[in-house]
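Just so it is clear: in the sequence shown, position 12 is 11 by numbering that gives the first Met the number 0, and no numbers are missing. Glycine is no exception: its CB is placed at the ideal position from the N, C-alpha and C atoms. Keep in mind the model is a prediction, meaning the values are calculated, not measured. Accompanying notes for the structure given below.
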Amino acid sequence: MAKTNPFDFIQQVRSEAAKVTWPTRKETMITTAMVFVMVVVASIFFLVVDQALGWGVRSVILGLGG
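Shown next, in the form of structure tokens:
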């Protein structure tokens, strides 16, 4: 692999960064909101599953013990 000097490297980085299609502020805000919504949905889902499994395990343990 050929070595490049730091100046060439910086030029290449700037050139590649200029090719990137950066999201608009609106797109960033929408994406951020969607991430938060999905986190809330996943949290509620796992809370419900955890409660159901806990109830099931408790009923099996108490059912066998009583």
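query, result
"Tell me the DSSP secondary structure of Lys18 in three-state form.", "helix"
"Looking at the structure shown, is Thr68 part of a helix, part of a strand, or coil, going by DSSP?", "Residue 68 lies beyond the stretch modelled for the chain, which goes from 0 to 65, so this question has no answer here."
"Note down the Cα distance separating Glu59 from Ser42, rounded to an integer number of angstroms.", "The residue asked about is misnamed: residue 59 is Val in this sequence, not Glu. About 26 Å."
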